[in-house]
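As structure tokens, the structure follows; a few thoughts come after it.
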Amino acid sequence: MKIIDKKLFFLLLMLFPLFFASCEKDNENESVIINSVWSNTNGVESTQINSCFTTQWIRLEGSGFDGLKEIYCNNVKATFSPILNTSKYITFQVPSGVPIEREITDEAIKNTIRIVTTHGEYTYRDFKFKDKNKMPGINSVSYTLPKPGEKIYLDGLYLDATTEIYFPGPSGEVAATDYTIVNDKRIEVTVPAGVGSVSGAIRIVADGDIYYSPSYMFYTQGIFLKTFLETDVMVPSSTGVYTYANAKVYSDPVQIAALTGLTNNPDNIIAIPEVAKNIATTTSTSISSNFFKFYAYKGINKIIANSNGAITTASKLENLAIQFDLYMKTPWNSGVIAFKMNKNNSGKNAQYIYNVAPWTTTTPYTFTNGWRTITIKFSDFPSLALGTLGSYITTTTTGNFEAMIAFANVDMNADGHTPQALTNFQMYVANVRIVPTTTPN
Numbered sequence: 179m180k181i182i183d184k185k186l187f188f189l190l191l192m193l194f195p196l197f198f199a200s201c202e203k204d205n206e207n208e209s210v211i212i213n214s215v216w217s218n219t220n221g222v223e224s225t226q227i228n229s230c231f232t233t234q235w236i237r238l239e240g241s242g243f244d245g246l247k248e249i250y251c252n253n254v255k256a257t258f259s260p261i262l263n264t265s266k267y268i269t270f271q272v273p274s275g276v277p278i279e280r281e282i283t284d285e286a287i288k289n290t291i292r293i294v295t296t297h298g299e300y301t302y303r304d305f306k307f308k309d310k311n312k313m314p315g316i317n318s319v320s321y322t323l324p325k326p327g328e329k330i331y332l333d334g335l336y337l338d339a340t341t342e343i344y345f346p347g348p349s350g351e352v353a354a355t356d357y358t359i360v361n362d363k364r365i366e367v368t369v370p371a372g373v374g375s376v377s378g379a380i381r382i383v384a385d386g387d388i389y390y391s392p393s394y395m396f397y398t399q400g401i402f403l404k405t406f407l408e409t410d411v412m413v414p415s416s417t418g419v420y421t422y423a424n425a426k427v428y429s430d431p432v433q434i435a436a437l438t439g440l441t442n443n444p445d446n447i448i449a450i451p452e453v454a455k456n457i458a459t460t461t462s463t464s465i466s467s468n469f470f471k472f473y474a475y476k477g478i479n480k481i482i483a484n485s486n487g488a489i490t491t492a493s494k495l496e497n498l499a500i501q502f503d504l505y506m507k508t509p510w511n512s513g514v515i516a517f518k519m520n521k522n523n524s525g526k527n528a529q530y531i532y533n534v535a536p537w538t539t540t541t542p543y544t545f546t547n548g549w550r551t552i553t554i555k556f557s558d559f560p561s562l563a564l565g566t567l568g569s570y571i572t573t574t575t576t577g578n579f580e581a582m583i584a585f586a587n588v589d590m591n592a593d594g595h596t597p598q599a600l601t602n603f604q605m606y607v608a609n610v611r612i613v614p615t616t617t618p619n
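What follows is the structure in structure tokens.
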């Protein structure tokens, strides 16, 4: 065995630190660059991404990360732990306060991740940060059975970022090209030609992402009261075929247009009261006039039989709503529409009653653009146990379970609104139906 000279051995020991220092120096001089960004959620396979939510953990891949000093997301400083980083990887959590794209005017910092090291910095661009508390969304549609050419409203949150709108059509989606962003909570849109025969959701593109309305647009298959003469749903009376109290059905389009003053109307409407009249305020919650009655459970069974499996006895009530179309010539500023699944209940907390009063003391409910759709989710009914539609039908067939839609000029909700006397009042109702409230993924 050859023995190394002692002097050579000590010389090598002295040179080793210089060698490693040289290697570290080479790493520090390596160009700083971010090549890609990856998701980094525990238990979930990592994928390359070009956007993420605030507070999400992400991983940067690149080179020259030694000597990392700072990380900025849209110019907001992020914290990091050195033990999670190497010269090629940086893992950190996006700060909660990162502004989203629409909140930034400075193009130099918009959609950027910037890292600063002891030997340089790098800015990664076109990476979008999203905030779950600031996501655009359509909460409701003003009229869900409109005709092409009519204007409707999409109401929701952060809608001012919308750049595209699509309606469901028979051969696929149809783009709406005529729309106005009223504010961040409302869009006015003209219904495009070629739609109305197929139900579905309205789709918008906002901030480059896709969002949907509930899937109840043009949901005609859910209608169980269309003519208000349905022998299988309406309640017979002792003196006539059906039970109306100071209400009248109209099916002649000329008569309907004369009543409403509108060009586009439903095929059939029921007017309440039969003739426009002055209505005084009252303190009684007992309804003796201005109503029509029907059997809700018969209407629901009718829908189940005709929906081709879209709505069944197994459908969850939390995913369903009742809708009807409404129009008044003047702004609605007093009284309620009492929607009673059981007419024998009264008050505001009964589980089968919902009192519709979208107006407030200072803000009347207006009918700009014509007909409006009233949506009552089953989850809106106070204290109603949310099960399946089948179990709900069972509960509504017991006893004298007649349903009712009525108008009463009283503070039925006991929420402090002062009723006002109404002059020459009349309202028009059309197309009572059950609809889905789910949104596409």
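If you're matching positions, the sequence shown starts at 179 in this note's numbering and goes up one per residue. By construction, the Cβ of each residue, glycine as well, lies at the ideal position given by its N, Cα and C atoms.
- Query: Among the residues of its own chain, which have a CB less than 6 Å from the CB of isoleucine 181, if the five just before and after it don't count?
  - Reply: Within the sequence shown, residue 181 is the residue found at index 3, counting from 1. In this predicted model, isoleucine 181 has a pLDDT of only 49, less than 50, meaning its place in the structure is not dependable enough to derive any value.
- How about alanine 492 and threonine 572: do their beta carbons lie closer than 7 Å? If you number the sequence shown from 1, residue 492 lands on position 314. If you number the sequence shown from 1, residue 572 lands on position 394. No, the Cβ-Cβ distance between alanine 492 and threonine 572 is not below 7 Å.
- Task: Thinking tyrosine 428 and leucine 437 are a contact (beta carbons under 8 Å), I'd like their distance in whole angstroms, please.
- Result: Indexing the sequence shown from 1 puts residue 428 at position 250. Indexing the sequence shown from 1 puts residue 437 at position 259. Right, the Cβ-Cβ distance comes to about 7 Å (below 8 Å), so this counts as a contact.
- Pull up the CB-CB distance for serine 415 and threonine 421, whole angstroms please, since I reckon it's below 8 Å. Taking the first residue of the sequence shown as 1, we reach residue 415 at position 237. Taking the first residue of the sequence shown as 1, we reach residue 421 at position 243. Indeed they touch by this definition, with Cβ atoms about 4 Å apart.
- Are isoleucine 380 and serine 393 touching if we call contact CB-CB under 7 Å? Position 202 of the sequence shown holds residue 380. Position 215 of the sequence shown holds residue 393. Against a cut-off of 7 Å, the Cβ pair of serine 393 and isoleucine 380 comes out as no contact.
- Message: When you compare the CB positions of threonine 340 and alanine 286, do they come within less than 7 Å of one another, or not?
- Response: The sequence position of residue 340 within the sequence shown is 162, counting from 1. The sequence position of residue 286 within the sequence shown is 108, counting from 1. The answer is no: Cβ separation not under 7 Å.
- Task: Taking only the alpha-carbon atoms, compute the straight-line gap between valine 376 and proline 614 and give it to the nearest angstrom.
- Result: Position 198 of the sequence shown, counted from the first residue, corresponds to residue 376. Position 436 of the sequence shown, counted from the first residue, corresponds to residue 614. Rounded to whole angstroms, valine 376 to proline 614 spans 14 Å at the Cα level.
- Give the C-beta separation of alanine 516 and asparagine 533 to the nearest angstrom, bearing in mind that I take them to be a contact with Cβ-Cβ under 8 Å. Position 338 of the sequence shown, counted from the first residue, corresponds to residue 516. Position 355 of the sequence shown, counted from the first residue, corresponds to residue 533. That belief holds up - the Cβ atoms of alanine 516 and asparagine 533 are roughly 5 Å apart, short of 8 Å.
- Simplified DSSP assignment, three categories, for asparagine 497: Walking along the sequence shown from the start, residue 497 turns up at place 319. Asparagine 497 falls in the helix class under three-state DSSP.
- Query: Rounded to a whole number of angstroms, what is the C-alpha to C-alpha distance between asparagine 361 and glutamate 208?
  - Reply: As a first step, residue 361 is located in the sequence shown; it is residue number 183 there, counting from the start. As a first step, residue 208 is located in the sequence shown; it is residue number 30 there, counting from the start. One C-alpha to the other measures close to 49 Å.
- Task: Check glutamine 598 in the structure and name its three-state DSSP category.
- Result: In the sequence shown, the residue the question calls residue 598 occupies position 420. Coil.
- Should lysine 308 go down as buried or exposed, given a rule of 16 or more other Cβ atoms within 10 Å for buried? Here the question's residue 308 lines up with position 130 in the sequence shown. Buried is the call here.
- Query: Which stretch, first to last residue, makes up the alpha helix (DSSP H) that contains lysine 480?
  - Reply: In the sequence shown, the residue the question calls residue 480 occupies position 302. Lysine 480 -> alpha helix (DSSP H) spans 474 to 484.
- Message: Which residue wins for smallest C-alpha separation from tyrosine 606, given the options Ile401, Ser229 and Pro451?
- Response: On the sequence shown, residue 606 is found 428 positions in, with the first residue counted as 1. It is Pro451 whose Cα lies nearest to the Cα of tyrosine 606.
- Identity of the residue in Tyr570, Ala535 and Ala499 nearest threonine 616 by Cα: For this step, residue 616 is matched to residue 438 along the sequence shown. Of the candidates Tyr570, Ala535 and Ala499, the one whose C-alpha sits nearest the C-alpha of threonine 616 is Ala499.
- Message: Can you tell me which residues form a DSSP beta bridge with methionine 412?
- Response: By 1-based counting over the sequence shown, the position of residue 412 is 234. Beta-bridge pairing links methionine 412 to Phe472.
- For glutamine 234, the first and last residue of its enclosing alpha helix (DSSP H): Here residue 234 is taken as the residue at index 56 of the sequence shown, counted from 1. Premise fails: glutamine 234 is in no alpha helix (DSSP H) and is neither H nor E.
- Message: Quick check: valine 210 and threonine 295, are their CB atoms within less than 7 Å of each other?
- Response: On the sequence shown, residue 210 is found 32 positions in, with the first residue counted as 1. On the sequence shown, residue 295 is found 117 positions in, with the first residue counted as 1. Contact flag set, yes.
- Message: Would alanine 502 and valine 411 be called neighbours here (beta carbons separated by less than 7 Å)?
- Response: Counting from one through the sequence shown, the residue named residue 502 turns up at place 324. Counting from one through the sequence shown, the residue named residue 411 turns up at place 233. Alanine is not the amino acid found at residue 502; the sequence shown has phenylalanine there. No, the pair does not count as a contact, with Cβ atoms beyond the cut-off.
- Please classify serine 320: is it buried, with 16 or more other beta-carbons within 10 angstroms of its beta-carbon, or exposed? The residue labelled residue 320 in the question sits at position 142 within the sequence shown. Per the 10 Å Cβ criterion, buried.
- Sort out for me which residues DSSP pairs alanine 563 with in a bridge. Within the sequence shown, numbered from 1, the residue matching residue 563 stands at position 385. For alanine 563, which the question treats as bridged, DSSP gives no partner whatsoever.
- Hey, threonine 405 and asparagine 446: beta-carbon distance below 7 Å or not? Taking the sequence shown and counting its residues from 1, one reaches residue 405 at position 227. Taking the sequence shown and counting its residues from 1, one reaches residue 446 at position 268. Their beta carbons are under 7 Å apart, which means threonine 405 touches asparagine 446 by this criterion.
- Task: Evaluate aspartate 430 with the Cβ neighbour count: other Cβ atoms within 10 Å of its Cβ, from every protein chain shown; 16 or more gives buried, anything less gives exposed.
- Result: Within the sequence shown, residue 430 is the residue found at index 252, counting from 1. By the 10 Å Cβ count, aspartate 430 comes out exposed.
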